[in-house]
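Note that the sequence shown ends on residue 433 in my numbering; no numbers are left out. Following: one structure in structure tokens, then a few remarks.
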Amino acid sequence: MAKEYTLSIIKPDGVERNLVGKIVTLFEAQGLSVAGIKKVQLARKVAEEFYGEHRERSFFGELVDFMVRSPVVVIALHGENAIQKNRDIMGATNPAQAAEGTVRKLFAKSIGENTVHGSDSAKASEREVGFFFAASELL
Ligand code: ATP
Ligand code: MG
């Protein structure tokens, strides 16, 4: 399997609780490397565009309110099978259903405040990494 890039976002609840280092440690322990990382305060329009696929969902307003509440940390991860590996490290969307040892089982408070985002396909990872990083910023 070729090496891939994927986007992780440590959401406001994770950054507010100073969990960035603990979460990055979980990625690195599974062989994923940080190719780019930055702290960003998302503007409402930016959060709405990023999560545009969910615009019609009942929770969209709540999701955008949460994502703009305070800064997030966006991370371009790189490694073998990075897209699926990151999803496995994150755990299920609802922390009550997340497997032991996953980020969401360890740290998430609710289905809304679930600590991390991860690209869910090759197409999504290409869009999402490009949303936050220029090619020259992936090192
Ligand atoms: P993400 O896209 O953030 O990586 P995901 O792919 O596991 O998460 P999605 O179905 O894409 O889950 O939902 C996007 C985000 O919307 C979730 O991570 C969560 O923050 C929020 N969300 C999803 N379902 C609900 C819900 N029922 N109530 C409130 N928020 C929700
Ligand atoms: Mg998703």
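For every residue, glycine included, the Cβ atom is placed at its ideal position computed from N, Cα and C. Treat the numbers as computed from the prediction; the structure is a model and nothing was measured.
query: Buried versus exposed, by CB contacts within 10 Å (16 or more), HIS348; result: exposed
query: Test item: CB-CB of ASN380 and THR300 under 9 Å; result: yes
query: Proximity test, ASP414 beta-carbon vs the ligand ATP heavy atom, cut-off 8 Å; result: yes
query: Straight-line gap, GLU343 to HIS411 (C-alpha atoms, nearest Å); result: 15 Å
query: Any non-hydrogen atom of the ligand MG within 8 Å of HIS372 CB; result: no
query: According to DSSP, residues forming a beta bridge with GLU374; result: LYS297
query: 7 Å CB neighbourhood of GLU356 in its chain, flanking five on each side removed; result: GLY406
query: Anticipated Cβ contact below 8 Å, PHE401 with GLY330, distance rounded; result: 22 Å between Cβ atoms; not a contact.
query: Contacts around GLU431, its chain only, beta-carbon distance under 6 Å, and the 5 residues preceding and following it disregarded; result: GLY330
query: Heavy atom of the ligand GDP within 8 Å of LEU320 beta-carbon; result: Judged by which ligands are present, the ligand GDP is missing from the structure shown, whose ligands are the ligand ATP and the ligand MG.
query: Chain-order list of residues whose beta-carbon lies under 7 Å from that of GLU374 (same chain, five-residue window excluded); result: MET295, LYS297, GLY325
query: Neighbour-count burial assignment, ASP382, 16 or more Cβ in a 10 Å radius; result: exposed
query: Check: ARG311 C-beta below 8 Å from any heavy atom of the ligand ATP; result: no
query: Contact under 9 Å by Cβ, VAL397 with THR409; result: yes
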